[in-house]
Structures are given as C-alpha cells and as structure tokens.
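Novice: Residue numbers for the sequence shown follow the working numbering, beginning at 172 and rising by one.
Every residue gets a Cβ at the ideal spot worked out from N, C-alpha and C, and that includes glycine.
Note that the structure is predicted; figures quoted are calculated from it, not measured.
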Amino acid sequence: MEKRVYIETYGCQMNEHDTERILRLLENSNYLETKNAKEADFILINTCRVREKPEHKVYSALGRYKWLKEKRGVIIGVAGCVAQQEGDKLLDRIPYLDMVIGTHAIPMLPQLLQKIEVSGERICEISFDQNGKYLEAILPQKPPVVGSIRLDKVKSYVTIMQGCDHFCSFCIVPYVRGREQSRSSREIIEEVRHLTGMGVKEVCLLGQNVNGYGKGLEEEISFSELLERINEIVGLHRIRFTTSHPADLSGELIQAFSKLPKLCEHIHLPFQSGSDKILKAMHRGYTKESYLKKIDHLKEVCPSIALTADVIVGFPGEREDDFRQTLDLMERVQFDDLYSFKYSPRKGTRAAQFQDRVEEKVKQERLSTLQEIQKEITFRKNQELEGCVKEVLVEGRSRQTAQDLAGRTRSNKIVNFKGNLELVGQLVPVRITKAHPHSLRGEIVSVQEPSICNLRSAIRNR
Ligand code: SAM
Ligand code: SF4
C-alpha cells in the first residue's frame with residue numbers, strides 16, 4: 172500500500188540535496204512525498220546546526236507535529252546535523268520521537284523505517300561510515316514530463332564529496348559531517364549522465380570544500396580535472412559548484428572559468444571577515460590581501476564572473492576597526508550578492524570557548540550596516556544588466572506571477588519573463604528590461620537580434 176512522507180528541511184544546499192535523496196530512496200519503498208504533514212505516515216525533520224536560528228525551528232517543528240503522533244500514530248524522525256550531534260539525547264528529550272538518523276545513515280532509512288513499523292522500536296543511528304557508502308548515488312527513476320516538469324528536474328545537485336578537514340574555529344560541519352570523503356569520478360560521471368538522460372540541463376556539484384576533491388581516492392584526480400570530464404558530457408549545458416574555500420582555490424581552477432564552456436560564470440567564495448586578526452582567529456588560512464588577489468585573478472581570467480560570498484559579523488574579538496576591514500573588502504570586490512550572518516557559538520567548536528564576545532546589539536547593528544551597503548551594490552549590479560541579452564535556463568513558473576516563467580542566467584540571477592510552459596528546460600535568449608533588488612525582468616528575443624552586450628553565452632549550446 173502506498174504511504175506518504177512529509178519532509179521539512181532546514182539549512183544549506185547539502186541538506187536540501189539530502190532531502191532529495193531521501194525522497195528518491197523512499198519512493199522505491201512505496202513512500203511518496205506529500206506537502207501536507209496532516210496526511211503523512213512519516214514526518215522527517217531534516218535539521219541544520221550551522222547557525223542558531225534553524226536549530227530553534229527544529230524543536231518548534233517537532234512540537235507542531237506532536238498531536239499527529241497522538242491522533243494517528245504517525246512516525247516522526249529527525250535527520251541531519253542536530254540528529255548527528257544530539258543522538259540519543261533527542262530521544263530522551265522528546266518522548267514521541269521515533270527515529271534519530273545521522274548524516275551518514277541515509278541509505279539505511281528504508282530498513283530502519285520498516286523496523287519501526289513492525290516493532291515500534293525507537294531508533295538512533297548516528298555512526299560515521301568510513302567506506303563512503305553513504306555517498307552512493309540514489310538516482311531518480313521516473314523521466315520528467317515537459318510541461319509539468321519539476322524545477323529540480325531541469326537542474327540537479329550532485330554530491331562529489333562530503334565532510335571537511337578545515338576545522339574553522341566557528342564551524343560545526345567537520346563534527347557533524349565527518350572528514351572529507353570524495354566519490355570516484357566514474358560514479359559522479361555516471362550520475363550526471365543518468366540525470367542528463369532524464370532531461371537535466373544543469374548540475375551543481377556539491378561539497379563543503381570542493382577544492383579538496385580527490386583526496387584519499389585511488390585515482391589521481393583534481394577538482395579541475397573532474398570539471399573537465401563533466402564538461403564533456405553530451406546533453407549537459409551548465410555546470411556550477413559550491414563551496415570553494417579561498418585558501419585552496421587553485422590557479423588551475425581559476426583558469427577553468429575561461430577554458431570550460433559549460434562552467435557558469437559564477438563563484439561562491441566565502442571570505443567570512445576582512446580583518447586579518449579575525450581571519451587568523453577563525454583559522455581560515457588566508458589574509459584579506461591574498462583573498463583579494465584571488466578575486467583579481469578570477470576577474471582577469473573571466474571578466475563577466477559573478478561573485479557571491481558568506482560573511483560573519485560579531486566574531487569574538489571583532490572591534491569596530493575589524494568590521495571596517497570587512498566593509499572595505501566588500502567595497503573592493505563589489506559582490507553580486509552576500510549571505511551575511513551574526514556569529515553564534517556552536518557547542519563543540521573552538522570559538523565557543525573564546526571569551527571576548529561581541530554584544531548582541533552591536534552584532535545586529537553591524538549586520539544591518541553591512542546588509543544596507545550590499546543591498547545597494549546588488550541592485551546596482553542588476554541595473555547594469557538592463558538592455559543586455561542573457562542566456563536563461565527556463566526552470567518553471569515564476570513565483571511572482573503564475574502566468575510568467577522564471578529561469579536563471581549563467582551568473583545565477585533570477586529572470587522573470589512571459590513565455591510558454593513548453594520552454595521549461597530550454598536555454599533561451601532574454602533581454603533584461605528591468606532590474607529589481609533581487610531579480611530581473613526580461614523578454615524573450617530571437618537569437619539573431621543584435622544586442623549591446625556580449626551574446627557569446629546567449630547563443631552557446633542552443
Ligand atoms: N564550507 C564553506 C566555507 O568554507 O566557506 C561554508 C559552509 S558553512 C556550512 C556555511 C556558512 O555558514 C559559512 O560560510 C559561514 O558564513 C556560516 N557559519 C558557519 N558557522 C557559523 C557560526 N557559528 N555562526 C555564524 N555563521 C556561521
Ligand atoms: Fe566549516 Fe570551514 Fe569546513 Fe567551510 S571550510 S565547512 S566553514 S570548517
């Protein structure tokens with residue numbers, strides 16, 4: 172009999188992708204996704220512990236579904252970072268919780284679920300898997316239908332590695348995702364081929380530190396070499412990756428932006444702080460100037476590259492002058508967008524022991540100042556695109572108006588425009604008619620139409 176699973180996901184792309192993998196896995200065990208928790212037989216909260224806010228949401232989510240346990244005996248589970256770190260303690264704390272499943276245990280989920288269904292046992296599985304089995308592909312089996320195509324069928328995440336060996340002093344990731352483990356290039360390429368065979372046009376290669384790709388594998392292969400091989404795959408049009416650590420960003424990878432036609436002109440390169448003193452305390456392994464040098468190199472190799480980053484304000488010991496250095500770095504780089512966070516101490520990390528804490532009020536002020544400045548830069552960068560024709564991969568209906576389509580440029584900017592749903596999954600040239608603070612408005616043009624901007628990317632791969 173068909174059953175229903177409802178998953179609530181918090182945190183980064185890694186977690187989003189884990190949810191996608193869990194859904195595929197459960198589909199093979201007759202559990203289909205529902206967007207309505209009330210009709211679910213299994214509710215899973217896929218958690219994140221990287222920052223404080225998502226963690227609080229987890230506990231309130233669990234509280235929200237307690238009545239469903241009482242009324243219908245729904246099975247409730249917690250997955251992801253919080254599950255990995257808290258383990259049994261979660262079962263002790265929440266009596267109506269049935270399952271705690273760690274970041275490496277996803278492939279075991281169907282068996283664990285069955286065990287709970289049969290015996291009613293409460294289960295906690297959080298051991299780390301040293302053989303990398305948890306990284307194996309869980310492939311979608313059903314081909315998409317054009318017209319009702321789902322957004323995640325046009326583009327897809329592909330995990331190339333997991334874990335992290337960096338141990339930045341603020342970060343919980345190495346403790347909850349384990350050490351770096353890479354998948355073999357053969358497996359990755361097979362997965363990308365399978366996805367393109369099902370209509371996927373764009374892949375985003377995922378890893379906490381993609382530059383570390385290849386470490387520990389029998390084959391000798393760098394991340395840039397992996398990109399070269401993926402670039403050869405027929406039917407694939409676009410490649411992205413995230414996240415790249417600035418200290419490990421090699422000259423070879425920078426060159427890939429001019430060498431590989433399918434590699435999109437966008438890099439997410441978190442800098443975290445512009446102060447050398449704070450970068451050192453964060454254990455980041457680079458300075459403000461060495462970061463800026465890499466940015467200059469990227470801009471030189473690929474002048475149209477879009478740049479985004481993560482930044483933290485209010486790290487212990489951050490004085491006004493350190494914060495000014497962060498603002499200075501932002502002004503010099505002119506990022507297309509920034510993900511900015513207030514520092515929050517994570518239990519088990521080194522920085523959680525640091526004394527010189529920044530007051531919450533000061534953190535908030537710094538965050539607002541930084542976000543105001545970035546808002547203007549992002550808007551201005553969007554305005555610079557007005558009148559240009561850009562290649563857009565059509566992803567689906569617009570979130571703004573159901574009659575419109577939405578897609579992304581190679582630089583990862585969202586464009587809304589009028590068009591037929593049959594265009595979903597296609598690359599179309601779109602003239603940018605209006606810039607908004609967080610998106611662009613456009614109209615489809617014919618490929619031949621001349622434009623004031625470089626059309627190289629608009630006609631490529633058509
Ligand atoms: N691997 C990436 C890198 O090295 O830049 C980052 C991955 S981390 C999951 C995503 C972002 O969360 C970080 O870049 C950082 O800005 C933010 N973050 C991580 N720990 C944090 C903390 N304790 N407080 C505030 N922000 C944090
Ligand atoms: Fe966390 Fe640093 Fe690893 Fe990124 S590189 S995942 S911030 S420890």
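Relative to the alpha-carbon of M279, which residue among H408, Y230, E307 and V221 has its alpha-carbon at the smallest distance?
Specialist: Residue mapping note: residue 279 aligns to position 108 of the sequence shown, counting from 1. Minimum Cα distance to M279 is reached at E307.
Novice: Taking 9 Å as the threshold (C-beta atoms), are G248 and I272 in contact?
Specialist: As a working mapping, residue 272 is identified with position 101 in the sequence shown. As a working mapping, residue 248 is identified with position 77 in the sequence shown. Result yes, Cβ atoms of I272 and G248 sit closer than 9 Å.
Novice: Given a cut-off of 9 Å on the beta-carbon distance, is the pair E562 and V601 in contact?
Specialist: Start at 1 with the first residue of the sequence shown, and residue 562 comes out as number 391. Start at 1 with the first residue of the sequence shown, and residue 601 comes out as number 430. Their beta carbons are under 9 Å apart, which means E562 touches V601 by this criterion.
Novice: If we ignore side chains and look at the alpha-carbon of each, how far apart do E423 and L377 end up?
Specialist: The sequence position of residue 423 within the sequence shown is 252, counting from 1. The sequence position of residue 377 within the sequence shown is 206, counting from 1. Approximately 19 Å between the Cα atoms of the pair.
Novice: Is the closest heavy atom of ligand 1 to the C-beta of Q379 under 8 Å?
Specialist: Here residue 379 refers to the residue found at position 208 when the sequence shown is read from its first residue. True, at least one ligand heavy atom lies under 8 Å from that Cβ.
Novice: In chain order, what residues of the same chain lie with their CB nearer than 7 Å to the CB of L556, ignoring the 5 residues before and after it?
Specialist: Position 385 of the sequence shown, counted from the first residue, corresponds to residue 556. The residues are I603, A606 and L611.
Novice: Do V344 and ligand 2 come close, with the Cβ less than 8 Å from some heavy atom?
Specialist: Position 173 of the sequence shown holds residue 344. Yes; taking the cut-off as 8 Å, the Cβ of V344 has a heavy atom of ligand 2 nearer than that.
Novice: Which value, in whole angstroms, describes the spacing of the CA atoms of K532 and R348?
Specialist: Here the question's residue 532 lines up with position 361 in the sequence shown. Here the question's residue 348 lines up with position 177 in the sequence shown. K532 and R348: Cα-Cα distance of roughly 32 Å.
Novice: Classify P314: buried if its beta carbon has 16 or more other beta carbons within 10 angstroms, exposed otherwise.
Specialist: One-based indexing of the sequence shown puts residue 314 at position 143. Note that P314 scores 46 on pLDDT, short of 50, meaning its location in the model is unreliable and no value can be drawn from it.
Novice: Residue ranges of each alpha helix (DSSP H) run of no fewer than 4 residues wholly in the stretch 489-551, ordered along the chain?
Specialist: DSSP runs (the alpha helix (DSSP H)) wholly in the stretch 489-551: 491-504.
Novice: Measure the beta-carbon distance from I410 to N402 and round it to whole angstroms, keeping in mind my assumption that it falls under 8 Å.
Specialist: As a position in the sequence shown, residue 410 is number 239, starting the count at 1. As a position in the sequence shown, residue 402 is number 231, starting the count at 1. Yes, I410 and N402 are in contact; Cβ-Cβ is about 7 Å, under 8 Å.
Novice: Would you check whether ligand 1 has a heavy atom nearer than 8 Å to the C-beta of I483?
Specialist: Your numbering for residue 483 matches position 312 in the sequence shown. Yes, the Cβ of I483 comes within 8 Å of a heavy atom of ligand 1.
Novice: In chain order, what residues of the same chain have a beta carbon less than 6 Å from the beta carbon of I359, not counting five sequence neighbours either side?
Specialist: Residue mapping note: residue 359 aligns to position 188 of the sequence shown, counting from 1. So the qualifying residues of the chain are I331.
Novice: Beta-carbon within less than 6 Å of V344's beta-carbon, same chain only, minus the 5 sequence neighbours each way: which residues are those?
Specialist: To locate residue 344, count along the sequence shown from 1; it is residue 173. Excluding residues within five positions, the ones whose Cβ falls inside 6 Å are C335 and Q379.
Novice: Going by the CB atoms, is the gap between T414 and V363 shorter than 9 Å?
Specialist: Within the sequence shown, numbered from 1, the residue matching residue 363 stands at position 192. Within the sequence shown, numbered from 1, the residue matching residue 414 stands at position 243. For V363 and T414, no; Cβs fall outside 9 Å.
Novice: Output the distance between the C-alpha atoms of S446 and Q496, rounded to the nearest integer angstrom.
Specialist: Residue 446 sits at position 275 when you count from the first residue of the sequence shown. Residue 496 sits at position 325 when you count from the first residue of the sequence shown. When rounded, the distance between both Cα atoms is 5 Å.
Novice: In whole angstroms, what separates the C-alpha of D499 from that of N302?
Specialist: Along the sequence shown, one-based indexing puts residue 499 at 328. Along the sequence shown, one-based indexing puts residue 302 at 131. Rounded to whole angstroms, D499 to N302 spans 44 Å at the Cα level.
Novice: Would you check if the distance between the CB atom of L420 and the CB atom of L440 is smaller than 9 Å?
Specialist: Position 249 of the sequence shown holds residue 420. Position 269 of the sequence shown holds residue 440. Against a cut-off of 9 Å, the Cβ pair of L440 and L420 comes out as a contact.
Novice: Could you tell me if the beta carbon of F338 falls within a distance shorter than 8 Å of some heavy atom in ligand 2?
Specialist: In the sequence shown, the residue the question calls residue 338 occupies position 167. It does: the Cβ of F338 is within 8 Å (strictly closer) of some heavy atom of ligand 2.
Novice: How big is the Cα-Cα spacing for H275 and K470?
Specialist: In the sequence shown, residue 275 corresponds to position 104, counting from 1. In the sequence shown, residue 470 corresponds to position 299, counting from 1. Using only the alpha carbons, I get a separation of about 38 Å.
Novice: Inspect the CB distances between the stretch 252-268 and the stretch 277-291 and report whether three or more fall short of 8 Å.
Specialist: Cβ pair count under 8 Å is below three, so no.
Novice: Would you mind working out which of R581, M185 and L564 sits nearest G370, comparing C-alpha positions?
Specialist: For the purposes of this step, residue 370 is identified with residue 199 of the sequence shown, where counting begins at 1. G370 has its Cα closest to that of L564, out of R581, M185 and L564.
Novice: Got a sec: does ligand 2 put a non-hydrogen atom nearer than 8 Å to the Cβ of C219?
Specialist: Here residue 219 refers to the residue found at position 48 of the sequence shown. Outside the cutoff, so no.
Novice: Compare the C-alpha of R521 against each of R490, F338, P432 and G456 and name the closest.
Specialist: Taking the sequence shown and counting its residues from 1, one reaches residue 521 at position 350. Residue F338 is the option with its Cα nearest to R521.
Novice: At which residue ranges does the stretch 202-229 contain complete beta strand (DSSP E) runs of 3 or more residues, listed in the order of the chain?
Specialist: The qualifying runs are 202-204 and 213-218.
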